[in-house]
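Report on one structure; see the data block that follows.
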Amino acid sequence: MAFIRRLYNQNWLFPPNILDLIDEDYVCRLVDEVIEGIDFNEIGKRYDGPGSPAHHPNVMMKLLIEGTIDGIRSSCRISKAALENVVYMFLSDRLNPDFRTIRRFRRMIFLFILYSLT
23 MAFIRRLYNQ NWLFPPNILD LIDEDYVCRL VDEVIEGIDF NEIGKRYDGP
73 GSPAHHPNVM MKLLIEGTID GIRSSCRISK AALENVVYMF LSDRLNPDFR
123 TIRRFRRMIF LFILYSLT
């Protein structure tokens with residue numbers, strides 16, 4: 023029986039664009055569009071000051087929402103998905119936030135929403 027020859031050692035001349043790997047009607051495109059339309063300036067003020075640059079709140083929120091849609095609640099699993107899953111790579115702009123960063127953002131956004139409602 024003949025098999026298709028595998029090219030696992032073959033390098034690509036042009037790597038694929040991550041946008042080409044995700045269908046137009048996939049739910050992550052909607053998540054991206056909705057979150058990009060939200061103004062996170064108030065949350066961004068919390069990041070002013072010394073220290074290394076933080077991940078943008080848009081990126082973190084996209085990861086949390088996609089994780090919720092996919093049934094992933096663990097910040098460790100979301101962080102791992104950002105390394106392995108094309109959808110999460112697309113939403114995180116190929117940035118790989120640490121699970122601690124995701125956990126801190128989740129806690130911070132929860133408190134921000136809680137204080138905004140009171």
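Numbered by my numbering, the letters in the sequence shown go through residues 23 to 140 in order.
The beta-carbon is built from N, C-alpha and C at its ideal position, and this holds for glycine as well.
On a predicted model such as this, the values are computed, not experimentally measured, just so you know.
Got a sec, what are the start and stop residues for the alpha helix (DSSP H) M82 sits in?
79 to 92
- Task: Express the C-alpha separation of V109 and D42 in angstroms, rounding to a whole number.
- Result: 11 Å
| said: Quick check on the DSSP output: the alpha helix (DSSP H) that includes M23 runs from which residue to which? | reply: Where M23 is concerned, there is no enclosing alpha helix (DSSP H), given that its DSSP letter is neither H nor E.
query: How big is the Cα-Cα spacing for L29 and V56?
result: 39 Å
Residues near R99 by beta carbon distance below 8 Å, same chain, minus five either side
G89
- Item | Through-space distance from N39 to N33, alpha-carbon basis | 15 Å
Report yes if the C-beta distance between I131 and L86 is below 9 Å; otherwise report no. Yes, Cβ-Cβ distance for I131 and L86 is below 9 Å.
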